[in-house]
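*Asks:* Supplied in structure tokens, the structure appears directly below.
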Amino acid sequence: DHGAGHLALLSTSGRPPQDAHRVFQELTSVVGAQVSVCQCDVQDEAAVASCLQELRGTMPPVRGVLHAAGRLNDHMFEYLEAEHLRPVLGPKVDGALSLHAACAGSELDFFIMFSSVAAMVGSVGQANYGAANSFLDAFAQYRRAQGLAGLSVQWGPWASMGLSARSGIPQNRFVRVDPVTCLDALSAILAAPAPTAGVVGVAHVSWAGFFGRMKTVPSYLKEFEKYKEEEKDRSETYGRSSAAGRPTTQMPPFLTGGFGRPGVGGGLGLISMSPLLGLRPGSRAAAPRSTEQRPKEEADSDSDSSASKGDSKGD
4 DHGAGHLALL STSGRPPQDA HRVFQELTSV VGAQVSVCQC DVQDEAAVAS CLQELRGTMP
64 PVRGVLHAAG RLNDHMFEYL EAEHLRPVLG PKVDGALSLH AACAGSELDF FIMFSSVAAM
124 VGSVGQANYG AANSFLDAFA QYRRAQGLAG LSVQWGPWAS MGLSARSGIP QNRFVRVDPV
184 TCLDALSAIL AAPAPTAGVV GVAHVSWAGF FGRMKTVPSY LKEFEKYKEE EKDRSETYGR
244 SSAAGRPTTQ MPPFLTGGFG RPGVGGGLGL ISMSPLLGLR PGSRAAAPRS TEQRPKEEAD
304 SDSDSSASKG DSKGD
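If you're matching positions, the sequence shown starts at 4 in my numbering and goes up one per residue.
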């Protein structure tokens, strides 16, 4: 859809995730892209460098990176131990740093990392997950400060697939969005001009639920309070139209502007997040190198994957 004739998926299992098989079939049969799946632990810098070096012999130069690796290991904050941090920080933190190092010197059109709204609003039992995503947000700012492509997307919960479908993000605050709509959002992000912000959020927010239990609204959320009343007004109008038997349309995006493309998102919004963290290069999380001690089902369902986009101009 955006000119990529070659795609490479780096995955610990060496195969597409179970819930993404249909997407990969469409990429090869409908879009006509050449899709390669490489068995590679994205946390291992040497393995990532070796994998990309091998791909460079069969594919055009890498022009973009989508870092979508992630893993959950939920525990309440007071019970968190180092063993609960490493499996969650590794895929995101080490994964981002591995891809950053492997792509040094490459002229990338984009370097997009999949973060989560959990980094901004938190999620019960997922302090480790929120911290891992916060790193991605800060790392996007770091790359941009170096004059490199960098964007972190704080996704709201997806429905039926991916980590967000199993996340603890409060459902009274965020409405789960079907994957097709999320992919439309990603397509819009890829098609948009270079963003002015290093972090954007894509989510369908229930503002009444979001602010309903807050005694005090944090300063960085003040600008969003107005949407609570707008949401209420839209709901009342929607309800009156339905009761009167008049045709109703899908409720508009929760934020004006949406993605700059009519009809995209339909209930989603794309907003810029002010960076709240700085970044100083420091020590890297020591992530585990095997899944032997984890249940097979959990190991197979991990989203430990990142994708590289090759420029089709080299064909």
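All C-beta atoms in this analysis are idealised placements derived from N, C-alpha and C, irrespective of residue type, glycine included.
(1) Using CA coordinates, which residue listed in 92, 102, 83 is at the minimum distance from residue 12?
(2) Taking residue 70 as part of the beta strand (DSSP E), name the residues at either end of that continuous run.
(3) Report the partner residues of residue 41 according to the DSSP bridge assignment.
(4) Below 7 Å CB to CB, which residues in the same chain sit around residue 107 once its five sequence neighbours on both sides are set aside?
(5) Across which residues does DSSP place residue 78 in a beta bridge pair?
(6) Let me know if residue 196 comes out buried or exposed under the rule of 16 or more other beta-carbons within 10 Å of its beta-carbon.
(7) Do residue 212 and residue 176 have their C-beta atoms closer together than 9 Å?
(8) Between which residues of its own chain and residue 52 is the CB-CB distance below 6 Å, once the five residues before and five after are set aside?
(9) So, is the C-beta of residue 12 closer than 9 Å to a C-beta in chain D?
(10) Check for me: the beta strand (DSSP E) holding residue 123 runs from which residue to which?
(11) In angstroms with no decimal places, state the Cα-to-Cα distance between residue 43 and residue 85.
(12) If I measure Cβ to Cβ from residue 143 and keep anything under 7 Å in the same chain, skipping five residues before and after, which residues do I get?
(13) Within 10 angstroms of its Cβ, does residue 114 collect 16 or more other Cβ (buried), or is it exposed?
(14) Assuming contact is defined by CB atoms lying nearer than 9 Å, are residue 10 and residue 37 in contact in what I supplied?
(15) Taking only three categories from DSSP, how would you classify residue 98?
(16) How big is the Cα-Cα spacing for residue 121 and residue 63?
(17) Would you be able to state if there are at least three C-beta pairs under 8 Å between the stretch 73-88 and the stretch 126-140?
(18) How many angstroms separate the CA atom of residue 14 from the CA atom of residue 186?
(19) Would you mind stating whether residue 58 and residue 99 have Cβ atoms separated by less than 9 Å?
(20) Give the straight-line distance between the Cα atoms of residue 218 and residue 224, rounded to the nearest whole angstrom.
(21) If distances are taken between C-alpha atoms only, which option among 157, 39, 94 comes closest to residue 60?
*Replies:* On the basis of the coordinates in this document:
(1) 102
(2) 65-70
(3) According to DSSP, which records beta bridges pairwise, residue 41 is partnered with 13.
(4) none
(5) Answer is 129.
(6) Residue burial annotation: residue 196 is exposed, with fewer than 16 other C-beta atoms found within 10 angstroms of its C-beta.
(7) yes
(8) 105
(9) Looking for chain D here will not work: only one protein chain is present.
(10) Not the beta strand (DSSP E): residue 123 falls in the alpha helix (DSSP H), residues 121-124.
(11) 24 Å
(12) Correct list, in chain order: 116, 153, 154, 155, 201, 202.
(13) buried
(14) Yes. Within cutoff.
(15) helix
(16) 36 Å
(17) yes
(18) Using only the alpha carbons, I get a separation of about 20 Å.
(19) In this structure, residue 58 lies away from residue 99, with their beta-carbon atoms at least 9 Å apart.
(20) Approximately 13 Å, taken between the alpha carbons.
(21) 39
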